[in-house]
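Numbered per my numbering, the sequence shown spans residues 30 to 517. All C-beta atoms, glycine included, are put in the ideal place defined by N, C-alpha and C. Let me begin by presenting the structure, written as structure tokens, before commenting on it.
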Amino acid sequence: MPPLNVCLVSSEAAPFAKTGGLADVSSALARHLGKRGHDVRLVLPLYRRIAQGKWKLDPVPGLQDIPIQLGARRTWFSVSTTELPDSKTRAWFIRCPDLYDREGLYTQDADEHLRFVLLNRAAIELCQWSRWAPDVFHVNDWHASLIPLYLRTVYGWDRMFANTRTVLTIHNIGYQGIVGAEKLADLGFEHAPHLLHQDHLREGKISFLETGLLYADALTAVSETYAKELQTAEFGMGLEGLLRARRDSLVGIVNGVDYDVWDPRHDALIPARYTPKDLKGKRACRDALLAKYKIPAGPRVPVFGIVSRLTAQKGFELVAEAMPVVLQREDVRLVVLGSGEDRYERFFTQLQQSFPNKVAFATGYDESLSHSIEAGADLFLMPSRYEPCGLNQMYSLRYGTVPIVRRTGGLADTVEEWNGRTGEGTGFLFEEFKGDAFLNAVARALGLWRDEKAWAKLVQNGMAQDFSWEKQVLRYEALYARLLGRGA
Ligand code: ADP
Ligand code: GLC
């Protein structure tokens, strides 16, 4: 198809600023759309950690010190760019120390909403100031969800956007960006309150995500199963009615994997490289991982891995129920990397104290260790309560690390239960969000572990899976083409 101008707006992008999968996805999607010949601008805030990082940031002439009024707050922003590593696509950063020069990506500060109002408005204004008309504004999660309505209100006068279409991707409906209705003017909607969700406005609330769901031309969810789940009360988190009403505009597109970054054949962050044909390197990765934490283990002792944000979404209640039993009964090891809620950090700290020779827990955020666990573990645990897509199970498959997952969202779409009769399947799944069900899946996995030949087949099946972005990017392209009324 003819090249499009695509403005991709996200609160995270790897390797610049990442707390979870959103960063991997927005950056990989930008790069792969670029490879397909599209002119892509990936827009995100210039957080302190990016400003202080090693990046060569080029200020964009004509896009410096632009004043902007956000309710009562007057501030200024500038735009800098840098190349996304290994690509011709550029990331565009909104520099505004007043709002972004802070410790974390996200804050609990009273002006948090303004930080993302600015992201939305600056993304639009940088297009205006550089007279670059996007064919598609592709916005991600609540942080960028106001753009569709801004294009009809605050920036509705600008004919440059007359043919621009908007796509909103839902990565996680658990975060909606809900603010009090007194923020109406901060958001810039004081002249358009009738365009917001009326019942919620009366209740005193404005939701960034809901506003996006009302006005984006197309909606996507990051897996087919999640697109369906979102329309139910169990998963829709209050937005299920709206999503049902818009179901004709909602599609599920499973995330791709950036195999340039996540593949043991060439991963520079792991101690040894390996291929499906020669897994010696995987054993070296396992030994190095256990040695790092001084955990003794013979060669046939299975190692479980977890890399995760520690939040309720990820199902750690089930780990707390099942894993002490498994660790007590079986000769197994567990290496965990995660940071997040205190209660889960405490749980893993205690688990490590109870089983000092079997469990290692690393807190904090560690990109390199996340790769080493993917490579060094034999089994990977993701008993998520809900999982829009999940990337780690797909990374695990490529690294020959067998995933044990709950059958929900993208986990259901990307892991297939091992079938001993046919020799097909890539992992172990369980349905009910119950400790027993999880324990049972772990027991099935450990049962198969003893059968070396069957296990080797299971590992090979996983490593042969292809979730590459080269394929998935075509689905987004087809969606853009449909929206723009052009043949793909
Ligand atoms: P989510 O986006 O819900 O956190 P995903 O499975 O889509 O879940 O993506 C998680 C991403 O974040 C993966 O790339 C994973 O390796 C990474 N990650 C999560 N926690 C950490 C951590 N503590 N250190 C390093 N990487 C992490
Ligand atoms: C969200 C989801 C995760 C998904 C990621 C990228 O953070 O929790 O399941 O893989 O976004 O789309």
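Counting only the Cα atoms, A214 lies some 10 Å from Q98. Around the C-beta of N149, 16 or more other C-beta atoms lie within 10 Å, and the residue is accordingly described as buried. Around the beta-carbon of W161, fewer than 16 other beta-carbon atoms lie within 10 Å, marking it exposed.
Bounds of the alpha helix (DSSP H) holding P126 are 126-129. V471 carries a helical assignment under DSSP once its states are collapsed to helix, strand and coil. Taking 8 Å as the cut-off, the Cβ atoms of P293 and K311 count as close. When distances are taken from the beta-carbon of P417 to the heavy atoms of the ligand GLC, the shortest one is below 7 Å. For D87, the beta-bridge partners assigned by DSSP are T110. Take S399, set aside five residues on each side of it, and the residues of its chain with a beta-carbon closer than 7 Å to its own are V336, L366, in chain order. Taking 8 Å as the cut-off, the beta carbon of E253 is found closer than this to the beta carbon of V283.
Taking 7 Å as the cut-off, one finds no heavy atom of the ligand GLC near enough to the beta carbon of L58. Closer than 7 Å to some heavy atom of the ligand GLC: that does not describe the Cβ of N448. Short note on E239: C-beta not closer than 7 Å to any heavy atom of the ligand ADP. Restricting attention to alpha helix (DSSP H) runs no shorter than 4 residues, the segment 53-101 encloses them at 77-80, ordered along the chain. Of the heavy atoms belonging to the ligand ADP, none sits nearer than 7 Å to the Cβ of G91.
Beta bridge pairing from DSSP links I199 with A250. Here the alpha carbons of P412 and S55 stand approximately 25 Å from one another. For V168, the uninterrupted beta strand (DSSP E) run begins and ends at 165-169, by DSSP. Not one heavy atom of the ligand ADP is found less than 7 Å from the C-beta of D371. For H295, same chain residues with a beta-carbon under 7 Å away, outside a window of 5 residues either side, are R302 in chain order. W105 counts as exposed, since fewer than 16 other C-beta atoms from the protein chains shown sit within 10 angstroms of its C-beta.
Secondary structure of P353 (DSSP, three-state): helix. Under the DSSP assignment, I176 falls in the alpha helix (DSSP H) whose first and last residues are 176-181. The closest heavy atom of the ligand ADP lies less than 7 Å from the beta carbon of G367.
With contacts defined by Cβ atoms closer than 8 Å, F376 and L356 do not form a contacting pair.
Taking a C-beta distance under 8 Å as the contact criterion, E374 and L339 qualify as a contact pair. Here Q205 is buried: its Cβ has 16 or more other Cβ atoms, across all protein chains shown, within 10 Å. Annotated three-state conformation of E416 is coil, per DSSP.
In terms of CA proximity to Y76, Y135 leads the group E219, A466, Y135.
Taking the Cβ of G49 as the reference point, at least one heavy atom of the ligand GLC falls within a distance shorter than 7 Å. Rounded to the nearest angstrom, the gap between the Cα atoms of A221 and V251 is 31 Å. The three-state reading of DSSP puts T430 in coil, since its state is none of H, G, I, E or B. With contact defined as three or more Cβ pairs closer than 8 Å, the segment 450-466 and the segment 495-503 are not in contact. Secondary structure of V444 (DSSP, three-state): coil.
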